[in-house]
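Chains as they are written, first to last, in my numbering: chain U, 109 to 217; chain E, 339 to 793. The C-beta atom is built at its ideal place from N, Cα and C for all residues, glycine as well. Have a look at the structure below before the remarks.
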Amino acid sequence: MRVKLARIAHARSGDKGDGSNVGLVAASPEIYELLCREVTPERVRAHFAGVCRGEVERFEVPNLLALNFLLHDSLGGGGTASLLTDAQGKTHGQGLLEMEIDVPEGLAG
Amino acid sequence: MRTVRIANGQGFWGDNVDEPLRLLELGPIDYLGMDYLAEVTLSIMMRQKLKNPAAGYATDFLDFARRALPLLVEKNVKVITNAGGLNPRACRERIFEIARALGLSGLRVGIVEGDDLLARLPALVAAGHELCNMDSGAPLAPLLDRVSSANAYVGARPVAEALAQGAQIVLCGRVTDTALALGPLVHEHGWAADDWDRLAAGTVAGHILECGAQATGGNFTRFWEVPDLANVGYPIAEVAADGSFAVTKHPGTGGLVTVDTVSEQLVYEMGDPDSYITPDVTADFTTIRLAQEGPDRVAVSGIRGRPNTPFLKVSASYLDGYKASGQVTISGPRAVEKARLAAEIVWQRLARAGVTFPEEMRRVELLGAGAVLPGILSAPADPPEVVLRLAVRDADRAKVDRFGKEIAPLVTAGPPGVTGFAGGRPKAQEVVAYWPALLAREEVEAHLAVSVEEV
């Protein structure tokens, strides 16, 4: 079944240089494996097409059941130069949790 | 096993002003860390100091001192803060004045100086230190006369030294946020400069603490699970000599300390998780083990570190033009259509006056219609109201000020239902651009100075 990441994970984001970082934390080891397969940098970049102008990097943090995404060039110049309301990417975590992925019935929570 | 209780009562300049007092009043702590410096705060302080040589520090910290000094002394809680900004010496004088007025004596206050590189920049660049921008790779030299502040991030060692000299308050400038916690731990537990695992553990503790309530239920995804967020207790780390620690908060406060709330804070502002680089150590966040030890108590262990790098990060800023933003609320039917028209009217009237902005230097946001996360969260087709926010940026201050005069006329000379224009015309603000760079650490360390004095 297709569910939003909000049902199976939590997230936090903030600014990191010219872009934002979004940490995505799975609710269980099984879901972490699923996130590693499904939430690829390419899919995250497509999801944030209206926000992120640069590349998306992904790091795995298995001990925290977390994936860390760097969304480069996603803050409209960053810091005080940005004209965006969210110049620090504070909302990007909430945005990632809106992404939908295919989840086996038993894991959907 | 002896543990040191370190709290954070101020995650940034602007954080809750009562929380540091609550941390002192509601339970035992040994150290209180308070962070006042964001990336561009030092640039603002530099301008204050240029106007007044006795300014240039976080004045909010004096308000805290007026309220808290008697209790700090009574409970012998030590405070580590970067509130000294660009002028820890002047800040200390003011703290001493406050102490005298309160009838306190014997208070020892330490300062750490040497992080301010602004006056040394031309010589450093001339000596071959390029100070290239860590994001773009560009060298600093062409911008040298526009730089408004430049500070090296200093680590935990000078903080520990001030504590060793008996300081009850340590006023730093651009010390790392994590050193506010690691400094006391190095002092208390006597961790060696190459004890990488323990230094990494203290750094991770500092990272968990540094944003205040973000470790204890603030900004937590499942906010509906957080009890009494209004009275959220700020985080406390109880750190043992072997580097293992527990994250908790005072009993009876609101909020939540779980593996989930701590995990979220660990990934906050994270880059490459196996290399969290500070002046003191390179911490490996992929080695952190978390376990729920009890209600509102998470055990943290297993942390490994590697040697620090030969460089220190420098945070410089330079003036890069002006910007302004203004907003109105547009209500009633066809709010989105009216807001788009209103924005177009502003650009047309500015063009008529000979003022234009390139596309990337102007911004229209229809807040309430999906502007903050475009393409991600869908907006209702016809929302009952939207906030129209317009912003521009330009090297020419006059153009930015002219823009500021074009918002209010929308109320009477725009579409119907425009309201909420308050607070006067938007004024041009200086854009302080941020320039992160690396510098050979010996260039900074040779100039670091710690001084502790008593009132």
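From the DSSP output, read off the bridge partner residues of E:P774.
-> Position 436 of the second sequence, counted from the first residue, corresponds to residue 774 of chain E. Beta-bridge pairing by DSSP links E:P774 to E:S653.
Do you know how far the Cα of E:R512 is from the Cα of E:M383?
-> Working through the second sequence from its first residue, we reach residue 383 of chain E at position 45. Working through the second sequence from its first residue, we reach residue 512 of chain E at position 174. Roughly 12 Å separates the two Cα atoms.
Cβ-Cβ distance between E:V570 and E:A621 below 7 Å | If you number the second sequence from 1, residue 570 of chain E lands on position 232. If you number the second sequence from 1, residue 621 of chain E lands on position 283. Cβ distance not < 7 Å, so E:V570 and E:A621 don't count as in contact.
Start and end of the beta strand (DSSP E) containing E:I507?
-> On the second sequence, residue 507 of chain E is found 169 positions in, with the first residue counted as 1. Start and end: I507 to L509.
U:E206 versus chain E: which residues are under 9 Å apart at the beta carbon?
-> By 1-based counting over the first sequence, the position of residue 206 of chain U is 98. What U:E206 touches in chain E: L711, I714 and L715.
State yes or no: is the beta carbon of U:A134 nearer than 7 Å to at least one beta carbon in chain E?
-> By one-based count along the first sequence, residue 134 of chain U stands at place 26. At a cut-off of 7 Å between C-beta atoms, U:A134 does not count as an interface residue with respect to chain E.
Which value, in whole angstroms, describes the spacing of the CA atoms of E:W773 and E:P366?
-> The count along the second sequence starts at 1 and reaches residue 773 of chain E at position 435. The count along the second sequence starts at 1 and reaches residue 366 of chain E at position 28. Going by the C-alpha atoms only, they are around 40 Å apart.
Members of the region 638-657 of chain E near chain U, C-beta cut-off 7 Å | Those would be none; no residue qualifies.
Under 7 Å between C-beta atoms, does E:S582 make it to chain U?
-> In the second sequence, residue 582 of chain E corresponds to position 244, counting from 1. So no, E:S582 is outside the interface.
Would you tell me roughly how many angstroms separate the C-alpha atoms of E:H467 and E:V738, rounded to the nearest one?
-> As a working note, residue 467 of chain E is residue 129 in the second sequence. As a working note, residue 738 of chain E is residue 400 in the second sequence. When the Cα atoms are used, E:H467 and E:V738 turn out to be separated by approximately 36 Å.
Any idea which residues DSSP pairs E:R361 with across the strands?
-> For the purposes of this step, residue 361 of chain E is taken as residue 23 along the second sequence, with counting starting at 1. Position check: residue 361 of chain E holds Leu in this sequence, whereas Arg was assumed. According to DSSP, E:L361 bridges with nothing at all.
Show which residues of chain U have a CB atom less than 9 Å away from the CB atom of E:I626.
-> Position 288 of the second sequence, counting from 1, holds the residue named residue 626 of chain E. Within chain U, the residues near E:I626 are V169, N171 and L172.
Name the DSSP beta bridge partners of U:E168, please?
-> On the first sequence, position 60 is the one that residue 168 of chain U refers to. Secondary-structure assignment with DSSP links U:E168 through a beta bridge to U:L175.
Out of E:G708, E:E698, E:E783 and E:P747, state which residue places its alpha-carbon closest to the alpha-carbon of U:A189.
-> Along the first sequence, one-based indexing puts residue 189 of chain U at 81. Checked all of E:G708, E:E698, E:E783 and E:P747; the closest Cα to U:A189 is E:E698.
Could you list which residues in chain U have their beta carbon closer than 8 Å to that of E:R560, in chain order?
-> As a working note, residue 560 of chain E is residue 222 in the second sequence. Within chain U, the residues near E:R560 are H118.
Can you tell me whether E:V797 is buried or exposed, with buried defined as 16 or more other CB within 10 angstroms of its CB?
-> Nothing about residue 797 of chain E can be reported from this structure: the residues present for chain E run from 339 to 793 only.
According to DSSP, is E:F583 helix, strand or coil?
-> Numbered from 1 along the second sequence, position 245 holds the residue referred to as residue 583 of chain E. Collapsing the DSSP output to three states places E:F583 in a strand.
Segment contact flag, the region 166-175 of chain U with the region 128-140 of chain U, C-beta cutoff 8 Å, min 3 pairs | Under the three-pair Cβ rule at 8 Å, the region 166-175 of chain U counts as touching the region 128-140 of chain U.
So, does the CB of E:E363 fall closer than 7 Å to a CB anywhere in chain U?
-> Along the second sequence, one-based indexing puts residue 363 of chain E at 25. So, not an interface residue.
Is E:M699 helix, strand or coil when you go by DSSP?
-> Position 361 of the second sequence holds residue 699 of chain E. In the structure shown, E:M699 sits in a helix (DSSP, three-state: H, G or I).
If you drop the 5 nearest sequence neighbours on each side, which residues of the same chain put their C-beta closer than 6 Å to that of U:A195?
-> As a first step, residue 195 of chain U must be located in the first sequence, where it is residue number 87. Excluding the 5 residues flanking it on each side, U:A195 has same chain C-beta neighbours closer than 6 Å at L183, in chain order.
Exposure label - E:K416; buried when at least 16 CB within 10 Å | The count along the second sequence starts at 1 and reaches residue 416 of chain E at position 78. Counting Cβ neighbours within 10 Å, E:K416 comes out buried, since at least 16 surround it.
For E:M372, which residues does DSSP report across the bridge?
-> Taking the second sequence and counting its residues from 1, one reaches residue 372 of chain E at position 34. DSSP, once it has assigned bridges, lists E:Q348 and E:T419 as partnering E:M372.
Chain E contact for U:D194 (CB, 7 Å cutoff) = In the first sequence, the residue the question calls residue 194 of chain U occupies position 86. A Cβ of chain E is located within less than 7 Å of the beta carbon of U:D194.
Along the beta strand (DSSP E) that carries E:S486, what are the first and last residues, could you check?
-> Taking the first residue of the second sequence as 1, we reach residue 486 of chain E at position 148. From DSSP, the beta strand (DSSP E) with E:S486 extends over V485 to A490.
U:E206 (DSSP reduced to helix, strand or coil) | Within the first sequence, the letter at position 98 stands for residue 206 of chain U. Coil at U:E206, not helix or strand.
Report the residues of the region 148-159 of chain U with a CB closer than 8 Å to any CB of chain E, ordered along the chain.
-> The region 148-159 of chain U vs chain E, Cβ under 8 Å: H155, F156, A157, G158 and V159.
What's the gap between the Cα of E:A502 and the Cα of E:V564?
-> Taking the second sequence and counting its residues from 1, one reaches residue 502 of chain E at position 164. Taking the second sequence and counting its residues from 1, one reaches residue 564 of chain E at position 226. Using only the alpha carbons, I get a separation of about 39 Å.
Using a Cβ-Cβ distance under 7 Å, would E:D535 count as near chain U?
-> Translated into the one-based positions of the second sequence, residue 535 of chain E becomes position 197. Closer than 7 Å: no.
Alpha carbon to alpha carbon, what distance is there between E:E744 and E:R687?
-> Looking up residue 687 of chain E in the second sequence gives position 349. Looking up residue 744 of chain E in the second sequence gives position 406. Computed Cα separation, rounded: 8 Å.
So, is the C-beta of U:D210 closer than 7 Å to a C-beta in chain E?
-> One-based indexing of the first sequence puts residue 210 of chain U at position 102. U:D210 does not count as touching chain E.
When burial is assigned at 16 or more other CB atoms within 10 Å of the CB, is U:M109 buried or exposed?
-> Within the first sequence, numbered from 1, the residue matching residue 109 of chain U stands at position 1. U:M109 is exposed by the Cβ-count criterion.
Taking one C-beta from the region 637-654 of chain E and one from the region 470-489 of chain E each time, how about it: are there three or more such pairs within less than 8 Å?
-> Flag = yes, the region 637-654 of chain E and the region 470-489 of chain E touch.
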